[in-house]
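Asker: The structure's right below; bear with me while I get my questions together.
In the working numbering, the protein residues as written are 5 to 191.
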C-alpha cells in the first residue's frame, strides 16, 4: 500500500510541477508582451493633450453656465439664430458642422421646412441656411403692419391668441412633394 500512496503522491507532485511550468511560461509571455507594449509606447510620438471643457469653466477659467443648443419649432428665428451663434462660438463649431448640428435641433414646422430645403440645397452653407430660414420664418414688414392694425386686437385671455399674436381660424401645413411647405388658413 505504501508504494501506491507514494506513486499517487508522486503523480500529484508531477502534475503540480507541470502546471507550475505552464503558469510560469504564461507569466513569462505576459511579461514579454507587456515589455514590448511599453517599448512601443515609449517610441510613439506623444498624443496632443485635449482639454475637456467642464460645465463650470471656460477659456478664461471663469465660472459659466452650461450652454445647451436651442430648439427651433417655427416662429421668428431671430432669437434662435442669436443663441445658436453663441453656442457655435462657445464650442468653436466650424462652418461645415453648423447646418447639420442646427438641423438636428429643429422641430414641428421647422423640421418639415428643413426636409424640403435640404432636398433643394444639399450643400447649403450656414449663411445660406440662415438666410432661407429667416425668409421662411422671419417676421416680415407686411405681417407687422397686419398685426398692428386695429382689426387684430390682442387679448391675452382670448383662445385665438397664440404666442402674443392673434389667430384667425386654424393654421395647417400643406405639404407637397417638391414645393415648400406653406401655411394655409382654414377660415
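Note that CB positions come from ideal geometry on N, CA and C, so glycine has one too.
(1) With respect to the alpha helix (DSSP H) encompassing residue 141, which residues constitute its N-terminal and C-terminal limits?
(2) In chain order, what residues of the same chain lie with their CB nearer than 6 Å to the CB of residue 27, ignoring the 5 residues before and after it?
(3) By DSSP, does residue 76 sit in helix, in strand, or in coil?
(4) Take residue 118 and list the residues in its own chain whose beta-carbon comes closer than 8 Å to its own, dropping the five residues that flank it on each side.
(5) Specify, as a first and last residue, the run of the alpha helix (DSSP H) that residue 89 falls within.
(6) On the criterion of 16 or more Cβ atoms from any shown chain inside 10 Å, does residue 38 qualify as buried, or is it exposed?
(7) Rounding to the nearest angstrom, what Cα-Cα distance links residue 233 and residue 76 in this structure?
(8) Identify the residues that DSSP records as bridge partners of residue 110: which are they?
(9) Residue 104 and residue 141: beta carbons closer than 7 Å?
(10) Going straight from the alpha carbon of residue 78 to that of residue 46, what length do you get?
(11) Taking all protein chains shown into account, decide if residue 152 is buried (16 or more other Cβ within 10 angstroms of its Cβ) or exposed.
(12) At a cut-off of 6 Å, is residue 91 close to the ligand ZN when judged by its beta-carbon and the heavy atoms of the ligand?
Answerer: Let's see:
(1) 130-141
(2) none
(3) strand
(4) 107, 110
(5) 82-94
(6) exposed
(7) Examination of residue 233 is not possible in this model, given that the chain is present from 5 through 191 alone.
(8) 76
(9) no
(10) 55 Å
(11) Note that residue 152 scores 48 on pLDDT, short of 50, meaning its location in the model is unreliable; the coordinates nonetheless yield the value given after this. Under this definition residue 152 is an exposed residue.
(12) The ligand ZN is not among the ligands present in this structure, which contains no ligands whatsoever.
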